[in-house]
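Asks: Going by my numbering, the first residue of the sequence shown is number 3, and it counts up by one from there.
A virtual CB, placed ideally from N, CA and C, is assigned to each residue, including glycine.
I'd like to ask some things about the structure below.
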Amino acid sequence: MGSFWENNFVQTAGYYSVTILCMVVFLFVFELVTKYNNWEEIKKGNVAVAMATGGKIFGIANIFRHSILHHDGLFVMLGWGVYGFLLLLAGYFIFEFLTPKFKIDEEIERDNRAVGLISMVISIGLSFVVGAGIY
Numbered sequence: 003m004g005s006f007w008e009n010n011f012v013q014t015a016g017y018y019s020v021t022i023l024c025m026v027v028f029l030f031v032f033e034l035v036t037k038y039n040n041w042e043e044i045k046k047g048n049v050a051v052a053m054a055t056g057g058k059i060f061g062i063a064n065i066f067r068h069s070i071l072h073h074d075g076l077f078v079m080l081g082w083g084v085y086g087f088l089l090l091l092a093g094y095f096i097f098e099f100l101t102p103k104f105k106i107d108e109e110i111e112r113d114n115r116a117v118g119l120i121s122m123v124i125s126i127g128l129s130f131v132v133g134a135g136i137y
């Protein structure tokens, strides 16, 4: 019989717990870099913010998914997850830089759903690119 830490149920619970904790921390960081309050805007029914935030959640989860699939250790998985998050964050700033005609944050705060949708797709798309690079 294997050790407690090698049990699949224990490992899954560990990966899940660390991913949830990281997601909370990473969403807090995203909250700091945006000019609006994500959860207040979502509470008010701002669909653009919900799409952008949902894309970030999906992106973070997808990066951790790839990291878990390719690594046996919790700390290595965590390292790749943090690295992937930093790349997603960089993608957010690149998106803002590449749209000089308008401010992404202001448009999303105004419930511009087209910008919210593009923001969501960028987060999801980049998470697949980052995930493909995890080995």
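Out of Glu8, Ile65, Ala92, Glu33, point me to the one whose CA is closest to Leu80's CA.
Replies: Ile65
Asks: Look at Ser125 and Lys37 and say whether their C-beta atoms are less than 7 Å apart.
Replies: Going by C-beta atoms, Ser125 is not nearer than 7 Å to Lys37.
Asks: Is Met53 closer than 7 Å to Leu119 when the C-beta atoms are compared?
Replies: yes
Asks: Taking the alpha helix (DSSP H) that His72 falls in, what are its first and last residues?
Replies: 49-72
Asks: In the structure shown, what three-state DSSP assignment does Leu23 receive?
Replies: helix
Asks: Measure the CB-CB distance between Gly133 and His68 and report whether it falls below 7 Å.
Replies: yes
Asks: Shortest alpha-carbon distance to Tyr17 belongs to which of Ile136, Val78, Tyr137?
Replies: Val78
Asks: Given a cut-off of 7 Å on the beta-carbon distance, is the pair Glu98 and Ile110 in contact?
Replies: no
Asks: Span of the alpha helix (DSSP H) holding Lys45?
Replies: 40-45
Asks: What do you reckon, are the CB atoms on Ala15 and Arg115 nearer than 7 Å?
Replies: Not a contact, by the Cβ cut-off of 7 Å.
Asks: By Cβ distance below 6 Å, which residues in the same chain neighbour His73 in space, the five residues on each side in sequence not counted?
Replies: The residues Met79, in chain order, have a CB closer than 6 Å to that of His73 in the same chain once the five nearest residues on each side in sequence are set aside.
Asks: Grab me the residues of Thr55's own chain with a C-beta within less than 7 Å of its C-beta, minus the 5 sequence neighbours each way, in chain order.
Replies: Asn40, Ile44
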